[in-house]
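Chemist: Under UniProt numbering, the first residue of the sequence shown is numbered 1, with each subsequent residue one higher.
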Amino acid sequence: MKSLFLIIGAPGSGKTTDADLIAKNDESFAHFSTGDLLRAEVASGSELGKTIDGFISKGNLVPLDVVVNAIISAIKGSDKKNIIIDGYPRSVEQMNELDKVLAAQNEIVLKSVIEVDVSEDVARERVLGRARGADDNNEVFNNRMKVYLEPITAIRDFYKNKNLLHVINGERTIDEIVSDMSEFIKRVLSK
């Protein structure tokens, strides 16, 4: 049985960095970023990768079945018992599809959804400050933020109703955030 933790947050909230550090500090964890899973497919040059790139380059969401299949396959293929995935779900449809897929199997249990909470100003400052690639400009940031904000209330409510949502203040130092998140995850796993 694998324990799954989802980390959600605005673009620039630090969710990927946080998840990465937790996995590096505890060898029982594997960390997958949905962005990394999808970018790896794009980098492979496959037809699927070209399709995915068409969505990502505009800041839009990749189709549901593609993302869910990539996630489930990565979890099942991991040799770790605890899995952290960041950047998922990003829509009510993704959330419902993952919920349906998880309910239909008994190898993976969703333990918690952790939201790294930051203001839009902090998110914008971080994303435009790092400017890693073509998708880090103001227009694309605005679209990514809109894509993030539209479903977030429904996503929060869904996981809150299942007693799975845990919100962490993402406007502190990385050490403070990762320490909080690690302690929370340890408490959940010890139950």
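By construction, the Cβ of each residue, glycine as well, lies at the ideal position given by its N, Cα and C atoms.
Check whether the Cβ atoms of V178 and L37 lie closer than 8 Å to each other.
Modeler: Against a cut-off of 8 Å, the Cβ pair of L37 and V178 comes out as no contact.
Chemist: Are the Cβ atoms of M95 and A10 separated by less than 8 Å?
Modeler: In this structure, A10 does not lie closer than 8 Å to M95 by Cβ.
Chemist: Tell me whether I114 is buried or exposed, calling it buried when 16 or more other Cβ atoms sit within 10 Å of its Cβ.
Modeler: Buried, since its Cβ has 16 or more Cβ neighbours within 10 Å.
Chemist: Comparing C-alpha positions only, which one of D18, A43, I155, E183 sits nearest to I85?
Modeler: Nearest of D18, A43, I155, E183 to I85, Cα basis: D18.
Chemist: Within 10 Å of its beta-carbon, does R187 have 16 or more other beta-carbons around it, so buried, or fewer, so exposed?
Modeler: So R187 ends up on the exposed side.
Chemist: Unbroken beta strand (DSSP E) runs of length 3 or more, entirely within the region 56-134: which are they?
Modeler: List check, beta strand (DSSP E) in window: 82-86, 108-117.
Chemist: Out of A40, I72, R126, D117, which one is the CA nearest neighbour of R156?
Modeler: Closest by alpha carbon: D117.
Chemist: Go to L37, then tell me how far its alpha helix (DSSP H) extends in each direction, as first and last residue.
Modeler: Residues 34-43.
Chemist: Between which two residues does the beta strand (DSSP E) holding L6 run?
Modeler: Here the beta strand (DSSP E) through L6 covers 2-9.
Chemist: Tell me, which residues are paired with A30 by DSSP?
Modeler: Looking at the DSSP assignment, A30 forms a beta bridge with I83.
Chemist: Tell me which residues share the same chain as Y88 and place their Cβ nearer than 8 Å to its Cβ, disregarding the 5 neighbours each side in the sequence.
Modeler: Closer than 8 Å at Cβ, skipping near neighbours: L6, I8, T34, V67, I71, Q94, L98.
Chemist: Look up N169 in the DSSP assignment and give the residues it is bridged to.
Modeler: According to DSSP, N169 bridges with D117.
Chemist: Where K81 and I108 are concerned, what is the direct C-alpha to C-alpha distance, given to the nearest angstrom?
Modeler: Cα to Cα, the separation comes out at about 9 Å.
Chemist: Which same chain residues, not among the five before or five after A154, have their C-beta less than 7 Å away from its C-beta?
Modeler: If we look at A154 and ignore the five residues flanking it on each side, its Cβ neighbours are V92.
Chemist: With distances taken Cα to Cα, identify the nearest neighbour of S78 among E120, K2, E171.
Modeler: That would be K2, whose Cα lies nearest to the Cα of S78.
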